[in-house]
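> Could you have a look at this structure, given as structure tokens, before my questions?
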Amino acid sequence: MKTYLPHYFKKIGIIIVLIAIALSFIAGANETEKGIIEDGNFAQSVNAFTNTKDVPMTYVEIISPGTANTLNWISIVFSMSGFLMYIFSSEKTEDEFIQKLRYQSLEKSLLITWLVALLFFIFRQVEFEAFYILQIQLIAYVFIFHRYKTRYLTD
Amino acid sequence: MKNLLKVERAKKNITQAELARLVSVSRQTINAIELGKYVPSTMLSLKIAHVFETTVNEIFELENTDWFKK
């Protein structure tokens, strides 16, 4: 598999993925708040701490739904871009052994991705949008390739 | 597959790093070959044999198990 980017793009890719994770947390702030409020235990803890009795927690919209959708979209774009930069950047030393490990990682990640997609399709428990399946392949590739490097490229 | 890479290196007094530099691979690749974790390509095998001034057959040897698919 050809690599197109210099080695330092690995760090850039990681930074972009971290930004994507942060954006997704911000985008999910409203849902997180709803979840916390619906969980009665947290409300009881707050009441106990503030020494108030049975004061219900009210939901306050942190960010607008439109902003949340936009942040979600940006997060997905950043995430995919970051992973692609990481995957297609060179190792410090590129040789035939690294190329072989790349091909094996690609093969395994493809298999894992389609097995997961097949399971979700069969059991229909969760609606899975296509780009999440692509994300799974990118993430799986990164972990598998890293595991191969750790196992085979020892000192 | 067995290999006598370490023995040949000792004969020529070459480190893994130096051999890796001469055949344009990483030192970890040479280490993986010596430990039997990686079977080099024909090209790389020929390069290694050229560095040690010997033939590929003198360095790499097939074992009985190599004849059967895993």
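So the protein sequences, as listed, match chains V and P.
Counting in our numbering, the first sequence runs from 69 upward without gaps.
Counting in our numbering, the second sequence runs from 103 upward without gaps.
Built from N, CA and C at the ideal position, the CB exists for glycine as well.
1) Would P/Ser147 count as contacting chain V if we go by Cβ distances under 8 Å?
2) Between P/Lys104 and P/Glu163, is the Cβ-Cβ spacing less than 8 Å?
3) Can you check whether the CB of V/Val210 is closer than 8 Å to the CB of V/Phe151?
4) Consider the C-beta atom of V/Leu186 and the heavy atoms of the ligand FMN; say whether any pair is separated by less than 7 Å.
5) Which value, in whole angstroms, describes the spacing of the CA atoms of V/Ile94 and V/Leu139?
6) Since P/Ala134 meets chain V, which of its residues come closer than 9 Å, beta carbon to beta carbon?
7) For P/Asn105, which residues does DSSP report across the bridge?
8) How far does the alpha helix (DSSP H) with V/Gly150 in it extend, from its first residue to its last?
9) Here's a check: name, in chain order, each residue in its chain whose Cβ is nearer than 6 Å to the Cβ of P/Lys149, leaving out the five neighbours to either side.
10) Would you mind stating whether P/Tyr140 and V/Phe165 have Cβ atoms separated by less than 8 Å?
According to the structure shown:
1) With respect to chain V, the C-beta atom of P/Ser147 has no partner C-beta closer than 8 Å.
2) P/Lys104 is a Cβ neighbour of P/Glu163, given a cutoff of 8 Å.
3) Going by C-beta atoms, V/Phe151 is nearer than 8 Å to V/Val210.
4) Among the components modelled here there is no ligand, and therefore nothing to report on the ligand FMN.
5) Taking the straight line joining both Cα atoms gives about 8 Å.
6) Chain V residues near P/Ala134: Phe165, Tyr220, Leu221, Thr222.
7) Looking at the DSSP assignment, P/Asn105 forms a beta bridge with P/Phe162.
8) Counting along the chain, the alpha helix (DSSP H) containing V/Gly150 begins and ends at 133-155.
9) Excluding residues within five positions, the ones whose Cβ falls inside 6 Å are Val125.
10) Against a cut-off of 8 Å, the Cβ pair of V/Phe165 and P/Tyr140 comes out as a contact.
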